[in-house]
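Visitor:
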Amino acid sequence: MIKNIVFDIGQVLVDFRWRAYMEEDLKFPPEVVEQIAEKIVLTGMWDDLDLGIRDEAEVIEEMKSTLPALRKETDIFFDGIVNLTATRPYSTPWIKELKEKGYKVYLLSNYPKSYFEIHERTHFDFTKYVDGKVISGFEKLAKPDPAIYRLLFERYSLIPEECVFLDDRAENISAAAKLGMNTILFISYENAKAALDALLA
Numbered sequence: 012m013i014k015n016i017v018f019d020i021g022q023v024l025v026d027f028r029w030r031a032y033m034e035e036d037l038k039f040p041p042e043v044v045e046q047i048a049e050k051i052v053l054t055g056m057w058d059d060l061d062l063g064i065r066d067e068a069e070v071i072e073e074m075k076s077t078l079p080a081l082r083k084e085t086d087i088f089f090d091g092i093v094n095l096t097a098t099r100p101y102s103t104p105w106i107k108e109l110k111e112k113g114y115k116v117y118l119l120s121n122y123p124k125s126y127f128e129i130h131e132r133t134h135f136d137f138t139k140y141v142d143g144k145v146i147s148g149f150e151k152l153a154k155p156d157p158a159i160y161r162l163l164f165e166r167y168s169l170i171p172e173e174c175v176f177l178d179d180r181a182e183n184i185s186a187a188a189k190l191g192m193n194t195i196l197f198i199s200y201e202n203a204k205a206a207l208d209a210l211l212a
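Per the working numbering: the sequence shown = residues 12 to 212.
(1) Count the other CB atoms within 10 Å of the CB of Asn15; is the residue buried (16 or more) or exposed (fewer)?
(2) Just list the residues that DSSP pairs Gly21 with in beta bridges.
(3) Can you tell me whether DSSP reads Asp216 as helix, strand or coil?
(4) Is there a Cβ from chain D that is less than 7 Å from the Cβ of Lys112?
(5) With DSSP run on the structure shown, which of helix, strand or coil describes Thr98?
(6) Is Ser120 near Asp19, with beta carbons less than 7 Å apart?
(7) Please go through the same chain and pick out, in chain order, the residues whose beta-carbon is closer than 7 Å to the beta-carbon of Val23, but skip the five residues on each side of it.
(8) Are the CB atoms of Ile195 and Ala203 nearer to each other than 7 Å?
(9) Going by C-alpha distance, which of Ala188, Leu190, Ala31 and Cys174 is nearest Leu118?
(10) Measure the C-alpha to C-alpha separation of Arg30 and Pro41 and round it to an integer number of angstroms.
(11) When burial is assigned at 16 or more other CB atoms within 10 Å of the CB, is Ile106 buried or exposed?
(12) Give the C-beta separation of Val70 and Leu60 to the nearest angstrom, bearing in mind that I take them to be a contact with Cβ-Cβ under 8 Å.
(13) Kindly give me the distance between the Cβ atoms of Ile64 and Lys151, rounded to whole angstroms, as I take these residues to be in contact under 8 Å.
(14) With a floor of 4 residues, list each alpha helix (DSSP H) that falls wholly inside the stretch 40-109, ordered by position along the chain.
(15) Below 8 Å on the Cβ atoms is my contact criterion, and I expect Tyr200 with Tyr114 to pass it. Report the Cβ-Cβ distance as a whole number of Å.
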């Protein structure tokens, strides 16, 4: 019997809107957007921020150093990081609906510690409705490491087989399934909600 719904955050409950942020908010020209994407956003260094085992300021300085000719632009990019995400319209109503039906709701996400603190304060109205959360930057563990899933189970006394996990990355879903969780690979809200409703029926 399923009792717990576990959500990833980025690209599931919120948009990681790095391209729109640069194009629409910062008005960066296309060549600048592509260079920052290639050298900063889409690199393994972002995983270092998520994992939280290195000083965030040190990692960010290392990121900026990869584009010395764009120092002004990378400073602007990181100074406005509060606008890097936007909560999707369905997120809070979906969680509230699940809570009203009697399910427990948890968050399990790879997210830098300081950015999560900023975004929870400014954007994440859904966090007030969840029963618990495990965020990589606080724990110094990140998906798909089985240890972060086990930490969720232990902290909140969850039985894996009683949980459904929704994530947009196949490797994270695979790791959860190996530990006994029911899983849904998030492609779209409509697809995921239909799959979840079917599991809970």
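Ideal Cβ placement from N, Cα and C applies to all residues, glycine included.
Guide: The structure says:
(1) On the sequence shown, position 4 is the one that residue 15 refers to. When all chains shown are included, Asn15 counts as buried.
(2) Locating residue 21 in the sequence shown gives position 10, counting from the first residue. Answer is Val25, bridged to Gly21.
(3) Because the chain here runs from 12 to 212, residue 216 falls outside it and cannot be looked at.
(4) Judged by its chain identifiers, the structure shown contains no chain D, having just a single protein chain.
(5) Your numbering for residue 98 matches position 87 in the sequence shown. In the three-state scheme derived from DSSP, where H, G and I count as helix and E and B as strand, Thr98 is classed as strand.
(6) Taking the first residue of the sequence shown as 1, we reach residue 120 at position 109. Taking the first residue of the sequence shown as 1, we reach residue 19 at position 8. Yes, they are a contact pair.
(7) What you label residue 23 is simply residue 12 of the sequence shown in a count that begins at 1. The answer, listed in chain order, is Leu177, Asp178, Asp179 and Phe197.
(8) Against the sequence shown, residue 195 aligns to sequence position 184. Against the sequence shown, residue 203 aligns to sequence position 192. In contact: Ile195 and Ala203 (Cβ atoms closer than 7 Å).
(9) Translated into positions along the sequence shown, residue 118 becomes position 107. Minimum Cα distance to Leu118 is reached at Cys174.
(10) Sequence index remark: in the sequence shown, residue 30 carries index 19 (1-based). Sequence index remark: in the sequence shown, residue 41 carries index 30 (1-based). Rounded to whole angstroms, Arg30 to Pro41 spans 10 Å at the Cα level.
(11) Taking the first residue of the sequence shown as 1, we reach residue 106 at position 95. Per the 10 Å Cβ criterion, buried.
(12) For the purposes of this step, residue 70 is taken as the residue at position 59 of the sequence shown. For the purposes of this step, residue 60 is taken as the residue at position 49 of the sequence shown. About 5 Å separates the Cβ atoms of Val70 and Leu60, confirming a contact at the 8 Å cut-off.
(13) If you number the sequence shown from 1, residue 64 lands on position 53. If you number the sequence shown from 1, residue 151 lands on position 140. Beta-carbon to beta-carbon, Ile64 and Lys151 are separated by about 5 Å, close enough to satisfy the 8 Å threshold.
(14) Annotation: the stretch 40-109 contains the following complete segments of the alpha helix (DSSP H) (minimum length 4 residues), in chain order: 41-47, 55-62, 67-76 and 82-90.
(15) Here residue 200 refers to the residue found at position 189 of the sequence shown. Here residue 114 refers to the residue found at position 103 of the sequence shown. Between Tyr114 and Tyr200 the Cβ distance is about 17 Å, and since that is not below 8 Å, they are no contact.
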